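Here is the structure we will look at, set down as structure tokens.
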Amino acid sequence: MSVSFKEWTKSGAPWVWLNAGAVAINVLMVVALLGVIAVRGLGHFWPADIIQAQYLNEEGQPENIIGEITNDEWVPAQRLRDIGVDIPAEVEEVERYLLKVGNRDVYGGDFRWVLAGNLENVRRPEMLFAAERREWGNFYGYLREVKENGQVVASFQGTDSNAEGEQAWNELQARLERAESIHADIYAIEKHEIGSVNYEIERLRLKERRLQLEGRNTPDRLAEIQAERDALNRDYEDMQSRLISLYESFNRDSIVAEAMNGRMVEIPLAKIVRAYRPNAMHLGQKIGFYGAKIWEFLSDEPREANTEGGIFPAIFGTVMMVILMSVMVTPFGVVAAVYLREYAKQGAITRIIRIAVNNLAGVPSIVYGVFGLGFFVYFLGSHIDDAFFPEALPAPTLGTPGLLWASLTLALLTVPVVIVATEEGLSRIPRAVREGSLALGATKAETLWRVVLPMASPAMMTGVILAVARAAGEVAPLMLVGVVKLAPSLPLDGNYPFIHLDQKFMHLGFHIYDVGFQSPNVEAARPLVYATAFLLVVVIALLNMTAVGIRNRLREKYKALEM
3 MSVSFKEWTK
13 SGAPWVWLNA
23 GAVAINVLMV
33 VALLGVIAVR
43 GLGHFWPADI
53 IQAQYLNEEG
63 QPENIIGEIT
73 NDEWVPAQRL
83 RDIGVDIPAE
93 VEEVERYLLK
103 VGNRDVYGGD
113 FRWVLAGNLE
123 NVRRPEMLFA
133 AERREWGNFY
143 GYLREVKENG
153 QVVASFQGTD
163 SNAEGEQAWN
173 ELQARLERAE
183 SIHADIYAIE
193 KHEIGSVNYE
203 IERLRLKERR
213 LQLEGRNTPD
223 RLAEIQAERD
233 ALNRDYEDMQ
243 SRLISLYESF
253 NRDSIVAEAM
263 NGRMVEIPLA
273 KIVRAYRPNA
283 MHLGQKIGFY
293 GAKIWEFLSD
303 EPREANTEGG
313 IFPAIFGTVM
323 MVILMSVMVT
333 PFGVVAAVYL
343 REYAKQGAIT
353 RIIRIAVNNL
363 AGVPSIVYGV
373 FGLGFFVYFL
383 GSHIDDAFFP
393 EALPAPTLGT
403 PGLLWASLTL
413 ALLTVPVVIV
423 ATEEGLSRIP
433 RAVREGSLAL
443 GATKAETLWR
453 VVLPMASPAM
463 MTGVILAVAR
473 AAGEVAPLML
483 VGVVKLAPSL
493 PLDGNYPFIH
503 LDQKFMHLGF
513 HIYDVGFQSP
523 NVEAARPLVY
533 ATAFLLVVVI
543 ALLNMTAVGI
553 RNRLREKYKA
563 LEM
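Going by the working numbering, the sequence shown opens with residue 3, and the numbers climb by one from there.
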């Protein structure tokens, strides 16, 4: 039986299809956006081929050019004519490549735009190599010599692969592996062992200062402190002697490489992270290299003004701040919601409070940052320093931006969300459940604690999920209350009290802002902006999925009570 268009419209079916289509479009747009971010960001770690070609430059002179093609685009020819590039009048558009030529210490910049039509004799020699350095970015060229204490132990001349070139390359890889092992030992001593000794020495200084302020600096106590300090100083001297020996061995080897302009550059292996020949790699080797670079991005510390290396401190800081924020916001939000729903008299004052809570959810986040800086840091933190850390003054302990105040500021920012979600959950619990508990002899507090709150826990988790989703991506308030460009150490380590709430930290959102807008090397930073943005989305999704899983388990557990 056919249905008329009017009846079909009245049935509501068009709105169902319209909503379904809108949801599908939104999902496709989100997936497409994430796909673009992932491709542009994660593609940066793939070992792209290095080309060598003859290029006719803007002055009409041929030159040898070496580098990676990182981007290409079509631009109006007139735009290039306006800046003095000689292009025939009949040409309307030209293709150009963004070439990463590296060697910033040699050329002054490591990116260069070249016209695709001016490239001739493009080749991909297997002996071209890239060296990732701890400073000055990548180096591209040919390996010419491997040296030990200034003496040549292997050499190579030419551009094509041969036995001599392979021998020099294998010698470089073996010595580079040795240099990386020594670097790991040096890092462990400088970062962890010496850091722990310095931390303990500082604690002893503060302990001595406290005894002096309290008038308890007796000779016996001072002697104990001095004995501990002497033992720590002996440990420090031993570490220093080990470091001197390691650095002597670390700086033993070097290489001589030829840049594209023919200049010979000597590079100590101590300054090289890795060296590789992408043109000589097969697919399996490239996949292995890609996996190693992704792992480095996730697990290493940043270098080169945050444009190289990894972002593990930012990942750790983001997750730790969100966890602390969740621990702080949940009890405050739940207590406030319970009071408003279960205990407060429903009248004009309660309605005003609810309106105020809803309005707080719409306040710009930077306002919370200013409040956190003024109240938490300058007022509360300085008073805590006066009361509990007088020995450290005038240097602030909690009277300065740090992890604690950042977490509290974001807890204040997100508490309206938790209050509203928890209130909604409490309002959905049937009145008969409460009355049944009271009829069995339970007090109101027992009913609330053992019956009402467990049944409302899925709604609480919904509030926490929304709070996490908002807090993890905030940047503006964090810039005022604890986030920094580069934190020398993590806020969680092996030094007492293990969690350092007074310490500044890194954050993925601020890292994106810093790399994208404050980096001195824009082209090198752009792929990392995409990669970090994609990682931030993944971290937020994982945190939310964890909370959703907990909520679903609680919902299944108390489903029978709601029926």
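The beta carbon of each residue, even a glycine, is placed where N, CA and C say it ideally should be. A quick note: this is a predicted structure, and the numbers were derived from the prediction, not measured.
I believe Asp387 touches Leu400 by the beta-carbon criterion, under 8 Å. Please report the beta-carbon distance rounded to the nearest angstrom.
6 Å
Buried or exposed: where does Ser183 fall if 16 or more other Cβ atoms within 10 Å of its Cβ makes it buried?
exposed
Top-ranked residue by Cα proximity to Ala474, from Gly23, Phe291, Ile325, Ala156
Ile325
Comparing C-alpha positions only, which one of Asp255, Ala441, Pro333, Trp19 sits nearest to Leu178?
Asp255
Does DSSP classify Tyr278 as helix, strand or coil?
strand
Which residues in the same chain as Thr352 place their Cβ atom closer than 8 Å to its Cβ, once the five residues preceding and following it in sequence are excluded?
Leu342, Ala346
Report the option in Leu537, Val550, Glu192, Glu204 whose CA atom is closest to the CA atom of Leu248.
Glu192
Take Glu147 and list the residues in its own chain whose beta-carbon comes closer than 6 Å to its own, dropping the five residues that flank it on each side.
Val154, Ser157, Val258
Exposed unless 16 or more other CB atoms sit within 10 angstroms - verdict on Glu476
buried
Starting from Lys102, follow the beta strand (DSSP E) in both directions and report where the run begins and ends.
95 to 102
Could you give the DSSP three-state label for Asn28: helix, strand or coil?
helix
The beta strand (DSSP E) enclosing Met262, as first and last residue numbers
No beta strand (DSSP E) holds Met262; DSSP gives it neither H nor E.
Grab me the residues of Ala339's own chain with a C-beta within less than 6 Å of its C-beta, minus the 5 sequence neighbours each way, in chain order.
Ile421, Thr424, Glu425
Which listed residue (Pro479, Gly349, Pro315) has its alpha carbon closest to that of Phe373
Pro479
Assign Pro270 to one of three DSSP states: helix, strand, or coil.
strand
Expressed to the nearest angstrom, what Euclidean distance is found between the alpha-carbon atoms of Pro493 and Phe314?
13 Å
Helix, strand or coil: which one does DSSP assign to Ser157?
strand
Looking at the secondary structure, which residues open and close the alpha helix (DSSP H) in which Ala133 lies?
Element bounds for Ala133: not the alpha helix (DSSP H) but the beta strand (DSSP E), 130 to 135.
Distance between beta carbons of Ala533 and Leu206, contact taken as under 8 Å:
In fact, because the Cβ distance is near 43 Å, the residues do not count as touching under 8 Å.
Quick one, are the C-beta atoms of Ile68 and Gly143 less than 8 Å apart?
yes
Please determine, among Ser301, Val417, His185, Lys273, the residue with the shortest C-alpha to C-alpha distance to Arg135.
Lys273
Spatial neighbours of Met241 within its chain, please: CB distance less than 8 Å, with the 5 preceding and 5 following residues excluded, ordered by chain position.
Ile191, Glu195, Ile196, Val199
State buried or exposed for Ser459, treating a residue as buried only when at least 16 other CB atoms are found within 10 Å of its CB.
buried
Assuming Val470 and Ala549 make a contact with CB atoms under 8 Å, what is their CB distance in whole Å?
6 Å
Helix, strand or coil: how does DSSP classify Gln54 here?
strand
Does DSSP classify Met565 as helix, strand or coil?
Unreliable positioning characterises Met565 in this predicted model, as indicated by a pLDDT of 49, which lies under 50. A coordinate reading is not provided.
Going by beta carbon distance, what residues of the same chain come within less than 7 Å of Thr161, once the five residues before and after it are set aside?
Pro127, Met129, Tyr144
Would the beta-carbon of Leu530 fall within 8 Å of that of Val517?
yes
What three-state label does DSSP hand Lys149 in the structure shown?
strand
Would the beta-carbon of Ala118 fall within 8 Å of that of Glu97?
yes
Would you call the CB atoms of Val483 and Met508 closer than 8 Å?
no
Could I get the ranges of all uninterrupted beta strand (DSSP E) runs contained in the segment 300 to 370, with 3 residues as the minimum, in chain order?
none
Cutting at 8 Å between CB atoms, please list the residues of its own chain near Ala363, excluding the five before and the five after it.
Pro418, Val419, Val422
Between which two residues does the alpha helix (DSSP H) containing Trp171 stretch?
165 to 189
Between the CA atoms of Ser409 and Thr464 - distance to the nearest angstrom:
19 Å
How would you call Asn281, buried or exposed, if buried means at least 16 neighbouring beta carbons within 10 angstroms?
buried
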